[in-house]
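Chemist:
Chains as they are written, first to last, in the numbering used here: chain A, 40 to 591; chain B, 40 to 591.
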């Protein structure tokens with residue numbers, strides 16, 4: 040068996056190492072266009088601030104190590120230019136020497152990755168404008184910062200640019216993020232990004248939403264980015280992070296099938312339209328595990344697993360890729376936002392039925408010092424309760440809950456299973472009723488019909504005259520500090536004795552701070568014959584949709 | 040419906056609140072023998088050091104709150120003495136006034152909890168000797184410490200006493216833990232407690248394993264604990280934490296069925312042998328979710344969920360309790376040890392087949408600062424790969440992995456599912472190949488037969504002459520810093536060229552530091568025709584069984 044692998048980072052390197060473990064005899068050649076193999080893509084932004092101080096830490100492995108340990112023929116700075124599928128040969132160019140040659144294969148694995156997209160605006164190729172994909176890019180960005188950058192403009196409010204923003208702020212650089220959509224981190228539902236937007240402001244990052252760069256010009260002391268709005272942003276560093284495009288040139292040139300977004304099409308065995316050619320990683324189209332449609336999700340974890348699976352299939356160990364859930368996480372200073380599975384947006388786009396709940400629990404027992412509040416959104420099928428997606432934002436413990444929910448989605452579990460989860464509890468780690476259990480209680484009550492809920496976003500999307508009668512069941516003091524416009528205040532503990540103040544001819548929506556007292560109020564009013572629902576997640580959820588500074 | 044609930048802490052309070060949400064009309068009386076309802080049992084030790092500074096934080100709720108919000112008839116300091124099942128009445132004594140009275144019921148829920156066991160040794164009832172169950176106990180213990188305690192002896196090396204040890208050390212108290220078994224934290228397998236044993240020593244706690252107290256005597260300045268070994272431990276504070284016994288007196292007196300360990304027997308609806316009487320919490324016998332035998336597991340999480348389920352059943356909403364997994368966690372300073380599901384010990388006792396793997400991964404990407412190493416043990420069915428149990432010990436991130444594995448066990452997942460898990464990865468939170476994926480890779484390789492493994496404990500249990508040929512595939516430097524006795528050193532990267540040094544007539548066991556290079560070595564040697572296995576988890580696992588200071 041002669042196996043050629045194109046691309047030596049996450050998917051390619053995983054495939055190569057797995058292939059060698061499966062076969063000591065196979066001839067395995069790993070081609071990588073850059074000088075490095077298997078570097079830590081996800082760590083690159085942290086090198087700018089020195090948070091990761093040593094550059095060599097970013098090298099997960101070296102060509103030498105792959106040669107010695109895995110007996111791999113590693114060829115860096117080698118570009119595979121074309122594939123001759125009929126002759127089963129590739130045409131290679133050695134970028135160091137210029138030498139061109141052919142290499143035959145029995146099987147080929149493509150792991151070329153995805154390239155940052157540069158929008159075609161005037162000035163986009165000026166010096167001082169970078170994209171961030173590899174070590175060479177971060178060397179250039181860090182070099183620019185070391186050389187003295189006062190102002191930076193980051194085009195795009197995605198994961199990498201927000202990580203970069205943190206590290207630029209740590210270096211004292213005045214940083215502006217320009218995002219063309221109305222929210223940052225577009226895989227998330229907008230309201231779940233609100234705490235990160237607020238934290239960006241706290242840390243001094245300027246965020247311009249719904250704005251785009253029109254052109255970039257060189258000035259005496261750097262660059263200036265002109266926005267469509269007319270605003271002018273001077274900068275000595277511009278980083279373009281507005282998404283990536285699959286590196287499909289080789290595949291397209293060879294006549295392999297690619298999807299509408301450019302991703303190389305593969306079957307569940309990660310085999311392309313040519314059975315001798317597999318493809319993995321950011322360059323391929325994958326099945327969305329929840330929605331079951333084709334999509335593209337550039338993530339390191341899936342790329343690594345795909346590399347392993349492709350190698351298994353090359354050596355006739357039938358292995359299926361189960362699809363991608365899109366589990367993703369961002370740390371921004373001490374804040375975390377994470378998601379798994381489908382979002383409301385993706386379910387709406389796919390026209391799938393769903394319901395959602397919000398809870399705002401402490402990450403561990405409130406009585407133990409250091410408890411941090413998080414917001415957790417769980418999305419599920421309205422009738423079966425099957426879990427479809429989850430998003431969390433807060434500080435400590437968000438990653439844990441999203442991982443737990445990621446496994447639950449993988450297992451096909453329902454909101455009823457969340458009620459029953461037996462998670463580790465001591466006061467430093469969780470609560471006797473963990474946030475996951477709480478989400479299960481709330482969502483199960485909704486599916487069972489015990490706990491009618493109304494979404495705050497749907498209330499606010501209704502004409503004021505058509506809205507339910509809003510009763511705020513918090514204390515008078517809480518009410519006075521901020522409330523949903525139009526609400527009347529009857530504290531839950533007084534509710535039973537003040538039923539006469541509530542309308543019997545109109546739906547009532549009760550809310551509290553996070554949803555728990557609202558639930559109790561709902562149960563009391565339901566049993567007293569009112570038409571009532573709880574506003575899911577209470578005032579805290581309202582504030583995710585309508586932050587304090589925003590217009591209502 | 041008139042519902043009486045006996046016991047107002049975790050299970051009882053949960054049942055009462057749930058009952059009220061299900062029925063506004065029911066008459067609900069909650070009897071609690073102590074002065075408090077629903078206090079934070081699991082937080083009590085942290086009050087001694089002031090880590091939890093305010094006593095009122097330990098009160099999760101108050102009788103007043105339960106009265107106002109849930110319209111409950113809460114009767115604290117009220118002891119339910121007997122049950123007249125025929126007449127459906129209980130006999131109650133008001134401990135404050137001495138008044139005795141009867142109260143009728145339609146349904147009764149028993150949630151009396153479990154009481155600390157005091158071994159019947161001479162002197163056990165002397166002043167200065169405490170058990171720890173409730174706020175009154177911790178007031179006494181804290182009072183004693185505030186009054187000046189130089190030395191404390193904790194009888195029993197279980198969860199509560201180790202938490203107490205941390206808080207006594209924080210107060211500057213010289214603390215000795217006396218444990219009759221050969222290990223602390225007996226639900227765990229012994230080797231997984233090794234890092235905690237080492238950390239106890241680091242923090243100055245004296246641990247005496249396999250020792251028991253024979254008697255306790257009063258001295259001029261306090262107490263002295265005499266051990267069976269003859270050792271004499273002076274102390275001004277002794278806390279007895281050698282296990283709990285179900286509070287079954289009321290149930291036994293009423294003729295309800297109890298199990299061999301004294302737990303009240305209930306069916307899956309948490310109904311006792313009398314259909315009008317339910318029982319929940321530490322007083323009941325539960326089904327072990329993995330082993331499917333009856334057991335007793337005093338844990339707050341299950342108690343809370345049982346309370347909720349019992350209330351559901353009282354109001355004819357059929358709800359089943361799925362059994363207890365025994366998910367448990369201990370924090371000791373910055374160390375964490377956690378488990379879920381079956382242990383090797385419990386599987387051996389129940390004569391169930393299993394295999395195990397050990398891995399020692401970093402809790403997040405090694406290239407990002409602050410990565411902490413953990414040890415993770417995963418136990419599974421040898422043929423199907425079905426997950427049976429897991430244990431983890433380390434620092435940050437242990438709780439997350441055990442929670443993920445707890446859900447996987449709940450879902451009936453296998454080690455193959457672990458390979459495919461898509462968990463949240465950014466360098467602060469995990470790795471592209473998460474510890475969970477790694478455990479899946481190792482265990483799946485074992486079940487599939489690709490990755491023959493030998494357990495280090497079984498090698499060491501074999502006569503030296505019968506052991507496999509041990510090859511240490513780490514570097515010469517690693518080898519020189521400590522190795523398994525009898526091993527020869529051939530670094531993995533030299534293995535292919537030094538095959539001649541290995542025996543073909545004898546099984547070989549390869550090991551490295553954590554198992555990964557040992558696995559690569561095993562694959563190389565297997566394919567070269569050797570009979571070889573990898574020593575699971577490598578030298579690091581060996582050190583869990585044989586710590587540096589221990590005899591080999």
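The beta-carbon is built from N, C-alpha and C at its ideal position, and this holds for glycine as well.
1. Kindly say whether residue 195(A), judged by its beta-carbon, lies nearer than 8 angstroms to any beta-carbon of chain B.
2. Thinking just about the alpha-carbon of each residue, which of 76(B), 105(B), 483(B), 111(B) is nearest to the one in residue 98(B)?
3. By how many angstroms is the C-alpha of residue 532(A) removed from the C-alpha of residue 486(B)?
4. What does the alpha-carbon distance come out to for the pair residue 354(B) and residue 347(B)?
5. Show which residues of chain A have a CB atom less than 9 angstroms away from the CB atom of residue 97(B).
6. Using the C-alpha atoms, what's the distance from residue 224(A) back to residue 289(A)?
7. With a CB to CB cut of under 8 angstroms and the five nearest residues on each side skipped, what residues in its chain are close to residue 572(B)?
8. Checking contacts by CB at 8 angstroms: is residue 386(B) closer than that to chain A?
9. Are there 16 or more other CB atoms within 10 angstroms of the CB of residue 202(B), so buried, or fewer, so exposed?
10. With DSSP as the reference, identify every bridge partner of residue 78(B), one or two as the case may be.
11. Which complete beta strand (DSSP E) runs does the region 288-368 of chain A hold, if anything under 3 residues is left out?
12. Since I believe residue 445(A) is in contact with residue 450(B) (beta carbons under 8 angstroms), could you give me their beta-carbon distance rounded to a whole number of angstroms?
13. Can you tell me whether DSSP reads residue 430(A) as helix, strand or coil?
14. Taking contact to mean at least 3 C-beta pairs separated by less than 8 angstroms, is the region 253-266 of chain A in contact with the region 166-173 of chain A?
15. Three or more C-beta pairs under 8 angstroms: does that hold for the region 194-210 of chain B against the region 300-307 of chain B?
16. Going straight from the alpha carbon of residue 50(B) to that of residue 516(A), what length do you get?
17. DSSP puts residue 170(B) in a beta bridge; with which residues?
18. Establish whether the CB of residue 310(A) and some CB of chain B are separated by less than 8 angstroms.
19. Note down the Cα distance separating residue 183(B) from residue 252(B), rounded to an integer number of angstroms.
20. Give the secondary structure of residue 130(B) by DSSP, where H, G and I count as helix, E and B as strand, and everything else as coil.
21. Can you give the Cα-Cα distance for residue 133(A) and residue 501(B), rounded to whole angstroms?
22. Decide if the region 456-474 of chain A is in contact with the region 385-403 of chain A; the criterion is three or more beta carbon pairs, one per stretch, under 8 angstroms apart.
23. Apart from the five residues on each side of it in sequence, which residues of its chain come closer than 7 angstroms, Cβ to Cβ, to residue 537(A)?
24. Just verifying my parser: in three-state terms, what is the DSSP assignment at residue 460(A)?
25. What residues in the region 197-218 of chain A bring their beta carbon closer than 7 angstroms to a beta carbon of chain B?
26. Determine which residues of the region 58-91 of chain B have a Cβ less than 7 angstroms from any Cβ of chain A, and write them out in chain order.
27. When you compare each of 163(A), 310(A), 334(A), 335(A) to residue 278(A) by their alpha carbons, which one comes out closest?
28. Could you check whether residue 298(A) and residue 324(A) sit closer than 8 angstroms to each other, using their CB atoms as the reference points?
29. So, at 6 angstroms on beta carbons, what are the nonlocal neighbours of residue 397(B) in its own chain, with the 5 sequence-adjacent residues on each side left out?
30. Where does the unbroken beta strand (DSSP E) through residue 508(A) begin, and where does it stop?
31. Give me the Cα-Cα distance between residue 553(B) and residue 578(B), rounded to the nearest whole angstrom.
32. Is the distance from the Cβ of residue 329(A) to the Cβ of residue 275(A) below 8 angstroms?
33. Is there a C-beta anywhere in chain A that falls below 8 angstroms from the one on residue 486(B)?
34. Any beta-carbon of chain A closer than 8 angstroms to the one on residue 468(B)?
35. Whose Cβ in chain A lies nearer than 9 angstroms to the Cβ of residue 535(B)?
36. Rank 123(A), 236(A), 374(A) by C-alpha distance to the C-alpha of residue 434(A) and give the top, closest one.
Modeler: The relevant details are as follows:
1. Judged by the 8 angstroms Cβ criterion, residue 195(A) is not in contact with chain B.
2. Taking only the C-alpha atoms, the option nearest residue 98(B) is 76(B).
3. Computed Cα separation, rounded: 58 angstroms.
4. Cα to Cα, residue 354(B) sits roughly 11 angstroms from residue 347(B).
5. 406, listed in chain order.
6. One alpha carbon belongs to residue 289(A), the other to residue 224(A), and they sit about 30 angstroms apart.
7. Here the set comprises 491, 492, 493, 507, 546, 547, 548, 549, 561.
8. Cβ-Cβ to chain A under 8 angstroms: no for residue 386(B).
9. That one is buried.
10. According to DSSP, residue pairing for residue 78(B) in a beta bridge involves 98(B).
11. Unbroken beta strand (DSSP E) stretches of 3 residues or longer found wholly inside the region 288-368 of chain A: 316-318, given in chain order.
12. The beta-carbon distance between residue 450(B) and residue 445(A), rounded to whole angstroms, is 12 angstroms. This is too long to meet the 8 angstroms contact definition.
13. Strand at residue 430(A).
14. Of all C-beta pairs linking the region 253-266 of chain A to the region 166-173 of chain A, three or more are shorter than 8 angstroms, placing the two stretches in contact.
15. In short, these stretches do not touch, since the Cβ pair count stays below three.
16. Taking the Cα positions, residue 50(B) is about 32 angstroms away from residue 516(A).
17. Paired residues: none, contrary to the question.
18. So, not an interface residue.
19. Rounded to whole angstroms, residue 183(B) to residue 252(B) spans 21 angstroms at the Cα level.
20. The answer is strand: DSSP assigns residue 130(B) an E or B state.
21. About 55 angstroms.
22. Three or more pairs of CB atoms, one per stretch, sit closer than 8 angstroms, so the region 456-474 of chain A contacts the region 385-403 of chain A.
23. Closer than 7 angstroms at Cβ, skipping near neighbours: 529.
24. In this structure, residue 460(A) counts as coil in the three-state DSSP scheme.
25. Within the region 197-218 of chain A, no residue qualifies.
26. Against chain A - using a Cβ distance shorter than 7 angstroms - the residues of the region 58-91 of chain B are 60, 63, 79, 81, 82, 85, 90, 91.
27. The shortest C-alpha separation from residue 278(A) is found at 163(A).
28. Taking 8 angstroms as the cut-off, the Cβ atoms of residue 324(A) and residue 298(A) count as close.
29. Answer for residue 397(B): 416, 575, 576, 580, listed in chain order.
30. Per DSSP, residue 508(A) belongs to the beta strand (DSSP E) from 508-511.
31. When rounded, the distance between both Cα atoms is 6 angstroms.
32. No, the Cβ-Cβ distance between residue 329(A) and residue 275(A) is not below 8 angstroms.
33. Output row for residue 486(B): interface = no.
34. Chain A, which has a Cβ nearer than 8 angstroms to the Cβ of residue 468(B), makes this yes.
35. Those within 9 angstroms of residue 535(B) in chain A are 63, 110.
36. Measuring C-alpha to C-alpha distances from residue 434(A) to each of 123(A), 236(A), 374(A) identifies 374(A) as the nearest.
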